[in-house]
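Colleague: Numbering (UniProt numbering), first residue to last: 1 to 1146.
Built from N, CA and C at the ideal position, the CB exists for glycine as well.
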RNA sequence: GGGCUUGUAGCUCAGGUGGUUAGAGCGCUACACUGAUAAUGUAGAGGUCCGUGGUUCGAGUCCACGCAGGCCCA
C-alpha cells in the first residue's frame, strides 16, 4: 500500500470527493452515534428563514457553529444538532403580497385567508434546496433530515404550552402600545406601510413653546434664588393637541441648561425660564443682551433678558411643575405625574432641550414614562377600560371638549362655526372648510388659550415632515392600541443576573450591548395583526370579563367538547367545533388562521368566548426552539432534559435583541435558567473595501461560486484565520488565494514530500516507535513544538477563540514544520539507506502530519479528512474511518522541552544573522567560510548553542563556531538600564540615572560585573546599582564584521583561503551540473559522466581535489578533466566560464 | 441622539498587567537556494500607532474630549 501522491491539488475537488465519502459512509451520523452514552454537548441551531437565498455571511456563521461542534465531538462528547426553519412572519407575508400583487387590505377580500396562508406556506420553503446544498457544500454538519419547522402543529403546540405557562404566572397581559394609527381609516399602520412612498409629507403645523410653571420646593429651590417672576420650564411641541395629556417633561442628563430672566412676549409679564444653553440664541436676540430688565415697558418690541445661572440636566431631575392644562387628572399614580425626568432621546437640535411628554401619544414618551413610573392621562369607561383623551375618530373626548369650548368662549375666539364639545378634532378629519377666514385648527385654539393664560412663550408655524395614511392622505396619529404583552419587566433583575453567568464572545456584547438592553427592558409586545404566524391561544368573552389560555391540543379538545353541550352556540358553531375535534383526533389539524378563528368556546359562566385576533411575534417562535424542537413537554422529555440548556450557540451580532434575547427571556421566565452557556456573536461580512454587501452596489459575493472556485476548506480557513469572528470581516477573494498558497499549499507540499520518499522506502509505520531519546535534536524539537501546539490549540478552541487556534496551527505548519524542520532534514529522507535515523525522521514527520490533520479538522474538515485518510489507510494506526471519528490529540507533556525550543530559536537567530552578514558582503551561501565568532557571557547560552552547532554550520555553510567568553578581554560591552526595575525604585530620577548608566565606559561595566554592585553618585547622593538593574550585552568585536539582534551577536570571518575558494568552486560546479541534469530531463537515479575542459589552475585544482564530492552529489560515475571537450556547454561561473559536458551512462 | 465596537506599514492583522529599535503575512525591491521546484530562503524599503489634551521618570498600551467607519436602537 502506497501513500497517495498528487500531481496537483484541486481544493474544490477535495471538497466534492470527501463529501461523497462522508455520505456513502454516513460519517456524520456515525460521529453522533459513536458517542452514544458519552456526555452530551448541546448546540442549538438558530433557524434561518428559507424564503431568500443564502449569502456568503451564512458561510461564516455556519463555519463557526460547525467548528465547535466538531471540536467537541473530537473531545469525546456527543453533539446532537437539529436543523430548523423559521417559517412565520412579516417578511414572508410581504413577499407573498408582492408576488400576488395585492396589499394587506385584499386579504380576506380578494383572496381568502386560507388561500393566502397556503401561499405563505409554499413561499417559506422556496429556497430550502439551495440552503441544504450550501450547508452540505461548506461541510456544516447538522441534521437536515429531521429539522424542526415553526409552522408544524407540534411546534405550535409547544409554543402554546409556553404561552400558557406565562399566562398562568401572570406574565401575559393585555395592555396598549403606541403605534401609528390613522383615524381616517380607523386602523393601525405597520412600519412598512409608513415607508410607502409619499407617506411622509411636508406640512405646516402650529408649534408651541409652552411654559410649565415650576413648583417651589426643596428640589427646585436653586431656581428661586433670584427670580423676577414665576419660574417656568420651556418645552416645545409640534403637536399642541397632545398638551392636555402632558404628564412629564424629559431632559438630557448631560445637557447644560440655563435660567433666563425675561418677559413674556404676549402677556408682558416678567418670567424666569429654563432651557438648554445651546438654544438660548434661538429665542433671545444677541442685540438685546445689553438691555436692562428694569427698563422694559410692556409692549416694547425688544425684550431684554438676563442669564441668571447654568446647570446640568441632572440637577433638574425630579423637579415638580403645575399641570399645564388641568382639564383631567390621571386616575392612577397621580402623585408621580408632572415632574422632570431624564430621556435618552432628548437633543438640542430643535426646541428648547426639554421634551414635553405625553405617554398616550408618543412611543418615546410611552417608554420613558413607563421606565419612570409616570402615569398616562387617561379616563376609564364603564367596563373599566383605559381610554386616551382623543378617541378613535381623532376627536377630543367630551371631558376635554367642554374645557376647550369654555376657553373659546372666555377668550372670545372667532371660529368658522359654533363649536360644541364634540367638535374638537385634533386634525381636520371632518373636511372643514380651511379657507374660511375664521377657520382655526384645534392646535391654534389651544395656542390662543395658552397665550392668554401666560402659558405660551412662543407660538409659530413650523414646517416639517409628518406621516399620512397612504389610503386617505390624512395625518396619522401616534396612538395607544391594544396589544398583548409579556411582562418581561417583572423578571428583569433575574434576567440580568442570569446573563452574568453566560460566557459571551466577545464579552462586550454580553455586558454592554445585551446587558444594557436588559437593564432598560420594557415589556415585550407580543401582538401582530397579521395572518401567517402562530395564533395567540387566548379566548375571551365579548365584554372581556372572562378569558382563557389554551396550552395543548388535549385542552383545546376538552373545551371544544364542553362547548358542544352549551346552548349559547349556534348549530353552525357546534358543527365547526365537532369537525375540529375530529381533525385533532385524526392528527391533521391546522392551528393557523383562519381555522382557529372559527373556534368558539364557552366560559365557565356560560358565555361565548372568541379568540383574540392577534398572532404572536415570530421571535417568540424562534426563542421557543429549545422546547418546541423536541415537541416538549408532549414528547421527548428525556432528550430535552439532556440537552438543556445549550452549551453553545452562535449567530450574528444583529440577533442580540432578536434570538439571543427571546431564548434568554423565555428560559429565564419559565425555567429560571439560562438557555445557553456560551455564545459567539459573529460580526458582519463586508466587501473588501469595508462596505456592506448589497445588490445595489453589486458587490455581493455568491457563496456557491466562491466554494466552487476555492473549495470549502480555504474559504473556511480564510474566514477564521483572518480576524476574530466577532470583528467585521472584509471579505477579499485574494485572501482566500493567499490562504491556499501559504497554508494549504505548504501543508500539501509537506505531505507530498513525505509521501514521495516514504513510498520509495516503503515506510508504512509498521516498525515500532523509536523512543524520543533516540531521535535527533531536530526531531525532538519539532515534537516538542507539536505538543506545545496541541496545548495551545485545545486551549483556544476551549475558549471559543478559533482564530487563535488557526493562527497557531498555520504558524506551526509554515514556519516550524515546513520552513525549518523539513528543510533542514531533507537529506535524511532521500539519502542513504533505510536505517534507524531515517525511520525516526519518517515517524516524526508522520506524527506531525497526522496531528495537524486532527487539529485542523474542525476548521478545514475536508482537507483534514483527505490528509488523515491518506496517512491512515497506509499505516492503519487508527481504527476509525474518518478524522472526525477520531479523538483530539493528547498533549505529551514530557515531550515539551522548553530548553530545546530555546536552543532552536538561537540556531534560527544565529543563522539569520550570518545570512545577513553574508548578504552585506555579497558572499553567497555556496561559498564556505571558515568560522564565526559568538560572544557568550553566560555559560548556559554557550551550552545551548553548542548543542545546535551542527545545524547552524550546515545551514549557513561555515566550518566552525568559536566562542568568546569574558576572559578574552577583546569584547566591547554595552550597558542599558533595566527600566522596568529601576523605574519602580527611582521613579522621577529615572532620566538622570539612565543617562548616567548609558555614559558608563568599559571600566565601569567591568567593575560592576566583577563586584556585582556599583555605587555611583547622583547629585551628591549615592546610588547603589546591582547587576539586575542593568542589561549588559556585547555588540562589537573590534576588527570583525558583526551583526546583533536581541542581545545576540555574531561575528563572521570572511577571509576566503585558497582551500575554501576551491570548495566554493566545486559547489558551484555541482549546482551547474544539477541544473544541466534538470534541463536534460534526467531522473533522480540516472547516472552520468562529466567531461570538463581544463581551465585555470585554481579551478583545475578545485575540481581535482573535490572530484569525489562532485560525483557523489551529481550521481556521476566519473569526472574527466580534458584539454578539449566536444559539444561542451559554456557555463557562466560568475567570474569565469567553464566548458563542461554531461553524458548519460547506462 | 444613545449603547456597543473598530482605527497600528500600500493591504490583512499581532502587539498579557505601561519599560525605551512597534512586529508578522501579503504586495514591492534586491539577492540567494536549486532532487519539496508552478516550491523555498534571506535581506531591504515602507509607520504622525486617527487627533488633541491629561496622568507618569516613561504611553501604541491608562484617562478625558474629539474625528472617522461599523452594528443595533431611537
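1. What would DSSP say about residue 1129, mapped onto helix, strand or coil?
2. I need the boundaries of the beta strand (DSSP E) containing residue 611, first residue and last residue.
3. Decide if residue 629 is buried, meaning its Cβ has at least 16 other Cβ atoms within 10 Å, or exposed.
4. If you compare alpha carbons, which of 1131, 553 and 591 is closest to residue 633?
5. Please report the Cβ distance between residue 1031 and residue 976, rounded to the nearest whole angstrom; I am assuming they are in contact, meaning their Cβ atoms lie under 8 Å.
6. Please classify residue 656 as buried or exposed, where buried requires at least 16 other C-beta atoms within 10 Å of its C-beta.
7. Quick one: what's residue 271 bridged to in DSSP?
8. Residue 840 and residue 770: beta carbons closer than 8 Å?
9. At what residue ranges does the stretch 496–557 contain a whole run of the alpha helix (DSSP H), taking only runs of 4 or more?
10. Quick check: the Cα distance between residue 507 and residue 676, rounded to an integer number of angstroms?
11. Suppose you measure from the CA of residue 360 to the CA of residue 103; what does that come to, to the nearest Å?
12. Are there three or more Cβ pairs, one per stretch, closer than 8 Å when the stretch 22–41 is compared with the stretch 606–618?
13. Buried or exposed: where does residue 830 fall if 16 or more other Cβ atoms within 10 Å of its Cβ makes it buried?
14. Is the Cβ-Cβ distance between residue 160 and residue 584 less than 8 Å?
15. Unbroken alpha helix (DSSP H) runs of length 4 or more, entirely within the stretch 744–803: which are they?
16. Determine the direct distance from the alpha carbon of residue 709 to that of residue 761, and round the result to whole angstroms.
17. Provide the residue(s) that pair with residue 1057 in DSSP beta bridges, ordered along the chain.
18. Looking only at its own chain, which residues have a Cβ that is under 6 Å from the Cβ of residue 407, when we skip the five neighbours before and after it?
19. Using the Cα positions of residue 1143 and residue 1089, report the straight-line distance between them to the nearest angstrom.
20. Hey, is the stretch 640–660 in contact with the stretch 473–493, meaning 3+ C-beta pairs nearer than 8 Å?
21. Cβ atoms of residue 149 and residue 85: under 8 Å apart, would you say?
22. Thinking C-alpha only, which one of 1130, 211, 454 and 253 is nearest residue 267?
23. If you reduce the DSSP assignment to three classes, tell me which class residue 1109 lands in.
24. Tell me the residue span of the alpha helix (DSSP H) that contains residue 478.
25. Taking DSSP as the reference, what is the three-state secondary structure of residue 285?
26. Can you tell me where the alpha helix (DSSP H) with residue 16 in it begins and where it stops?
27. Run through DSSP, which three-state label would residue 614 get?
28. Could you check what DSSP says for residue 965 in three-state terms: helix, strand or coil?
29. Is residue 243 near residue 446, with beta carbons less than 8 Å apart?
30. So is residue 822 buried or exposed if we call it buried at 16+ other beta carbons inside 10 Å?
31. Three-state secondary structure (DSSP) at residue 411?
32. For the candidate residues 615, 618 and 578, whose alpha-carbon lies nearest to that of residue 599?
33. By alpha-carbon positions, which one of 355, 227 and 396 ends up nearest to residue 369?
34. If you drop the 5 nearest sequence neighbours on each side, which residues of the same chain put their C-beta closer than 8 Å to that of residue 1100?
35. Could you check the C-alpha separation between residue 1011 and residue 1023 for me, to the nearest Å?
36. Give the DSSP-derived three-state secondary structure of residue 468 in the structure shown.
Modeller: For this structure:
1. Counting from one through the first chain, the residue named residue 1129 turns up at place 1129. Of the three classes helix, strand and coil, the one that applies to residue 1129 here is strand, per DSSP.
2. By 1-based counting over the first chain, the position of residue 611 is 611. Here the beta strand (DSSP E) through residue 611 covers 608–611.
3. Taking the first residue of the first chain as position 1, residue 629 is located at position 629. Label assigned to residue 629: buried.
4. Translated into the one-based positions of the first chain, residue 633 becomes position 633. Among 1131, 553 and 591, the Cα nearest to that of residue 633 belongs to 553.
5. To locate residue 1031, count along the first chain from 1; it is residue 1031. To locate residue 976, count along the first chain from 1; it is residue 976. That pair is a contact at about 5 Å.
6. As a position in the first chain, residue 656 is number 656, starting the count at 1. Buried, since its Cβ has 16 or more Cβ neighbours within 10 Å.
7. The count along the first chain starts at 1 and reaches residue 271 at position 271. According to DSSP, which records beta bridges pairwise, residue 271 is partnered with 230 and 262.
8. Your numbering for residue 840 matches position 840 in the first chain. Your numbering for residue 770 matches position 770 in the first chain. The answer is yes: Cβ separation under 8 Å.
9. 515–519
10. As a position in the first chain, residue 507 is number 507, starting the count at 1. As a position in the first chain, residue 676 is number 676, starting the count at 1. Distance between the alpha carbons of residue 507 and residue 676: 15 Å.
11. Position 360 of the first chain, counted from the first residue, corresponds to residue 360. Position 103 of the first chain, counted from the first residue, corresponds to residue 103. So the alpha carbons of these two residues sit roughly 29 Å apart.
12. no
13. Position 830 of the first chain, counted from the start, is the residue given in the question as residue 830. So residue 830 counts as exposed.
14. Within the first chain, numbered from 1, the residue matching residue 160 stands at position 160. Within the first chain, numbered from 1, the residue matching residue 584 stands at position 584. It is not a contact, given that the beta carbons lie outside the stated cut-off.
15. 746–761 and 777–798
16. As a working note, residue 761 is residue 761 in the first chain. As a working note, residue 709 is residue 709 in the first chain. Approximately 36 Å between the Cα atoms of the pair.
17. Against the first chain, residue 1057 aligns to sequence position 1057. Its beta-bridge partners do not exist; DSSP assigns none.
18. Start at 1 with the first residue of the first chain, and residue 407 comes out as number 407. The answer, listed in chain order, is 449.
19. On the first chain, residue 1143 is found 1143 positions in, with the first residue counted as 1. On the first chain, residue 1089 is found 1089 positions in, with the first residue counted as 1. If I take the Cα positions, the gap works out to 5 Å.
20. no
21. The count along the first chain starts at 1 and reaches residue 85 at position 85. The count along the first chain starts at 1 and reaches residue 149 at position 149. A contact, by the Cβ cut-off of 8 Å.
22. The residue you call residue 267 lines up with position 267 of the first chain. The shortest Cα separation from residue 267 among 1130, 211, 454 and 253 belongs to 454.
23. Stepping through the first chain from its first residue, residue 1109 is reached at position 1109. Helix.
24. Counting from one through the first chain, the residue named residue 478 turns up at place 478. Counting along the chain, residue 478 falls outside any alpha helix (DSSP H), though it belongs to the beta strand (DSSP E) covering 477–486.
25. For the purposes of this step, residue 285 is identified with residue 285 of the first chain, where counting begins at 1. Residue 285: coil per DSSP, three-state reduction.
26. On the first chain, residue 16 is found 16 positions in, with the first residue counted as 1. Taken as a continuous stretch (DSSP letters only), the alpha helix (DSSP H) holding residue 16 covers 11–25.
27. Position 614 of the first chain, counted from the first residue, corresponds to residue 614. Coil, per DSSP.
28. Position 965 of the first chain holds residue 965. Residue state, collapsed to three classes: coil.
29. Taking the first residue of the first chain as position 1, residue 243 is located at position 243. Taking the first residue of the first chain as position 1, residue 446 is located at position 446. Yes, they are a contact pair.
30. On the first chain, position 822 is the one that residue 822 refers to. The residue in question, residue 822, is buried, as its Cβ has 16 or more Cβ neighbours within 10 Å.
31. By 1-based counting over the first chain, the position of residue 411 is 411. It is coil, neither helix nor strand.
32. Here residue 599 refers to the residue found at position 599 of the first chain. Measuring from the Cα of residue 599, the nearest candidate turns out to be 578.
33. Residue mapping note: residue 369 aligns to position 369 of the first chain, counting from 1. Nearest of 355, 227 and 396 to residue 369, Cα basis: 355.
34. For this step, residue 1100 is matched to residue 1100 along the first chain. So the qualifying residues of the chain are 1094 and 1121.
35. Numbered from its first residue, the first chain carries residue 1011 at position 1011. Numbered from its first residue, the first chain carries residue 1023 at position 1023. Approximately 15 Å between the Cα atoms of the pair.
36. Within the first chain, residue 468 is the residue found at index 468, counting from 1. It is a strand residue.
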